[in-house]
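> Okay, so the sequence shown: first residue is 398 according to this note's numbering, each after it adds one.
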Amino acid sequence: MLIMINTKEKILEKSAELFLSIGVKAITMDDVSSSLGMSKKTLYNHFSTKKVLIKETLTFFFNRIDKIIEEINSRDLNAIEKWLVTLEEISSVVHIDDKGSCSLQIKKYYPNIFEEVQAQQWEIIRRNFHKNLSQGMLEGLFREDFDMDLFIRFYYSGILNIEEHSIFEGINLSYKELKKKFIEFQIRSIATEEGIKELERIL
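Below, the structure is given as structure tokens:
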């Protein structure tokens, strides 16, 4: 049983790497099995279709992201440090292509999966940002006179729209750099004077 679990996780790890770097449309089940050096039969024993593989890979991916954020939240850092460290560490672990094409392709070709995964993604962001914003208020880094729930929704919507890369044509910034700029603008919008000083110290 342990061998089966390890094999499945190995497939999910490799699939996440391939989908994020190349996109879900171009990658076939043959590509996944070949990159792992395993037979297609073994792959299909764990995942009956490409659609099933995509769904389980994305669930696996977001669970991994959630664990990374939880670990960062346990560190002795202030709220702004945690926000920026989260971007850096997720970017270093998850090699996303500069166009964010994976999520755009899922939205286009697998809309039902996209909706399910988006719900999981939203819950991770909502829960962790509520903790971060609450911490920042207690530390005097964030103001207390804004609607936290509405802010988190605006933030989530903005992060998703960064993936609509055509909006940013002509701007000489990578996908990661765009996200960092977006986060900086969001922090400035809710930061106290002390919070802005802390942000500028880190940047």
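Even for Gly, the Cβ is constructed at its ideal location relative to N, Cα and C.
How long is the line joining the alpha carbons of residue 597 and residue 488, rounded to whole angstroms?
Approximately 21 Å between the Cα atoms of the pair.
> Please name the residue, chosen from 586, 557 and 444, that lies closest to residue 407 on a Cα-to-Cα basis.
Ranking the options by Cα distance to residue 407, first place goes to 444.
> Could you tell me which of 425, 519, 569 and 556 sits nearest to residue 582, measuring between CA atoms?
Cα-wise, what sits closest to residue 582 is 556.
> Between residue 428 and the rest of its own chain, which residues show a CB-CB distance below 7 Å, the 5 nearest in sequence each way excluded?
Closer than 7 Å at the Cβ level, and outside the excluded window around residue 428, lie 415.
> Does the Cβ-Cβ distance between residue 411 and residue 440 come in under 8 Å?
Their beta carbons are not under 8 Å apart, which means residue 411 does not touch residue 440 by this criterion.
> So what does DSSP say about residue 423, is it helix, strand or coil?
Residue 423 falls in the coil class under three-state DSSP.
> For residue 476 and residue 536, which I take to be in contact (beta-carbon distance under 8 Å), what is that distance rounded to the nearest angstrom?
About 6 Å separates the two Cβ atoms, so the contact holds.
> Compute the distance between the beta-carbons of residue 499 and residue 421, then report whether it is under 8 Å.
Result yes, Cβ atoms of residue 499 and residue 421 sit closer than 8 Å.
> What residue from 446, 575 and 452 has the CA that sits closest to residue 517's CA?
Residue 517 has its Cα closest to that of 452, out of 446, 575 and 452.
> How close, in whole Å, do the beta carbons of residue 599 and residue 576 come, if the pair is a contact with beta carbons under 8 Å?
So it is not a contact: roughly 16 Å between Cβ atoms.
> Count the other CB atoms within 10 Å of the CB of residue 567; is the residue buried (16 or more) or exposed (fewer)?
The residue in question, residue 567, is exposed, as its Cβ has fewer than 16 Cβ neighbours within 10 Å.
> Quick check on DSSP: helix, strand or coil for residue 543?
Here residue 543 sits in coil by DSSP.
> Cβ of residue 459 within 8 Å of Cβ of residue 521?
Contact: yes.
> How long is the line joining the alpha carbons of residue 590 and residue 513, rounded to whole angstroms?
If I take the Cα positions, the gap works out to 39 Å.
> On the DSSP bridge list, what partners appear for residue 588?
According to DSSP, residue 588 bridges with 539.
> When you compare only the Cα positions, how much space is there between residue 531 and residue 519?
Taking the straight line from one Cα to the other gives about 18 Å.
> Identify the continuous alpha helix (DSSP H) that holds residue 466 and give its terminal residues.
Taken as a continuous stretch (DSSP letters only), the alpha helix (DSSP H) holding residue 466 covers 447-470.
> Return the CA-CA distance between residue 554 and residue 461, expressed in angstroms with no decimal places.
Near 21 Å, if we compare the C-alpha coordinates of residue 461 and residue 554.
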